[in-house]
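Read in order, the letters of the sequence shown are residues 75 to 298 in our numbering.
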Amino acid sequence: DGGGDGSGSKGAVVVAEDWMQRVTLDITGHVGFGFDFGALEQGGDNKFIQAVHANLQELSLRTANPLRQPLQKLLWFLPQHKEVARNQARAYALYDELYAFVKDKYAGKEPEPGDFSFGAALMRLKHPETGAKMLDNMVKGNMATLLLGGYDTSAFTATWALYDIARHPAVQRRLAAELAAAGLLALPGGSPAPRRLTYQDLSTLTYLNAVIKESMRLHPAAST
């Protein structure tokens with residue numbers, strides 16, 4: 075049990091979708107860029123996540139109606155159009171902050187050979203003929219794409235997987251057995267404490283992988 079706000083209070087209802095979005099945003103920030111979004115610590119509503127959802131919804135509406143964006147520019151003074159602009163500004167402000175952090179992190183030096191983060195990969199990119207580095211706007215745009223692709227789809231995939239697992243007790247038992255055999259099962263009370271998950275574990279947990287893939291087949295986070 076845990077509070078939906080990350081407080082860990084027992085007996086509270088956890089909104090899995092919200093919690094997963096904050097978890098995956100923090101993970102993507104740490105793993106991809108060495109950046110701490112602090113989404114879990116904030117609790118409650120995260121302004122960036124709210125803005126991203128609103129922007130994605132707006133993108134869908136613009137795709138369905140090509141005249142929507144020109145009309146928004148023409149009638150910018152309407153409250154609903156001002157809200158669209160505010161949501162875009164919130165997201166862009168975070169992209170700017172993330173880019174400034176990564177740029178400062180690698181200022182005047184090449185990333186270490188063992189640094190395989192998204193940020194390091196983007197900062198290594200150079201024009202094959204001139205050797206010039208990628209333009210700032212291009213780096214920032216790629217960072218935004220990687221951030222959205224890393225956290226949003228992962229959050230929805232994990233949420234649907236939890237939902238499907240909760241609906242099938244037999245799957246729960248088999249998953250628990252696989253995790254227990256690997257020393258990775260976390261039990262109420264914390265005894266025995268599970269060991270830390272490693273990258274090598276991902277290829278050995280065959281049933282967990284099968285469950286996740288089946289959930290992705292049933293509920294694809296992004297249709298193609």
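Each residue gets a CB set at the ideal place from its N, CA and C atoms; glycine is no exception.
None of these values were measured; they are calculated from a predicted model.
Nearest-angstrom Cβ-Cβ length linking residue i and residue j, presumed shorter than 8 Å
| i | j | result |
| --- | --- | --- |
| Thr-227 | Ala-295 | 4 Å |
| Phe-107 | Leu-99 | Not really, about 11 Å apart at Cβ, beyond 8 Å. |
| Leu-236 | Ala-256 | Wrong, their Cβ atoms sit about 19 Å apart, outside the cutoff. |
| Leu-114 | Val-89 | Incorrect: roughly 13 Å between the Cβ atoms, too far for contact. |
Cβ pair residue i, residue j closer than 7 Å
| i | j | result |
| --- | --- | --- |
| Leu-148 | His-155 | no |
| Gly-193 | Val-213 | no |
| Thr-204 | Met-290 | no |
| Ala-129 | Ala-165 | A quick correction: the sequence has Asn, not Ala, at residue 129. Closer than 7 Å, so yes. |
| Thr-233 | Glu-91 | yes |
| Ala-229 | Gln-124 | no |
| Pro-266 | Ala-260 | no |
Nonlocal neighbours in the same chain, by C-beta distance under 7 Å from residue i, ignoring five residues either side
| i | result |
| --- | --- |
| Leu-168 | Phe-122 |
| Thr-102 | Leu-221, Gly-224 and Tyr-225 |
| Glu-252 | Leu-279, Tyr-281 and Leu-282 |
| Gln-146 | His-155 and Val-158 |
| Gln-246 | Ile-239 |
| Ala-250 | Leu-259 |
6 Å CB neighbourhood of residue i in its chain, flanking five on each side removed
| i | result |
| --- | --- |
| Ala-138 | none |
| Met-208 | Leu-199 |
Residue i at chain C interface by Cβ criterion, 7 Å
| i | result |
| --- | --- |
| Glu-157 | The question asks about chain C, but that chain is absent: this structure has only one protein chain. |
Option nearest residue i by Cα separation, candidates the options
| i | options | result |
| --- | --- | --- |
| Ala-181 | Met-197, Pro-187 and Glu-171 | Met-197 |
| Lys-287 | Asp-275, Asp-238, Leu-135 and Leu-259 | Asp-238 |
| Gly-215 | Tyr-173, Lys-183 and Gln-246 | Tyr-173 |
| Pro-243 | Ser-277, Val-285 and Lys-207 | Val-285 |
| Asp-178 | Arg-160, Asp-210 and Pro-187 | Asp-210 |
| Asn-120 | His-293, Pro-153, Trp-93 and Glu-186 | Trp-93 |
| Asp-189 | His-293, Ala-86, Val-105 and Leu-292 | Val-105 |
Beta-carbon contacts of residue i that lie in its chain and below 8 Å, excluding the five residues immediately before and after
| i | result |
| --- | --- |
| Ala-254 | none |
| Leu-135 | Arg-142 |
| Met-217 | Phe-107, Tyr-169, Leu-172, Tyr-173, Val-176, Phe-192, Gly-193 and Leu-196 |
| Phe-276 | This sequence places Leu at residue 276; Phe is not what is there. Asn-283, listed in sequence order. |
- Give, in chain order, every unbroken run of the beta strand (DSSP E) that is at least 3 residues long and sits entirely within the stretch 175-233. none
Any alpha helix (DSSP H) of 4 or more consecutive residues that is wholly inside the stretch 104-167 | 113-116, 121-138 and 142-148
Practice task
Any chance you could list the beta strand (DSSP E) runs of at least 3 consecutive residues sitting entirely within the stretch 249-281, in chain order?
Solution key: none
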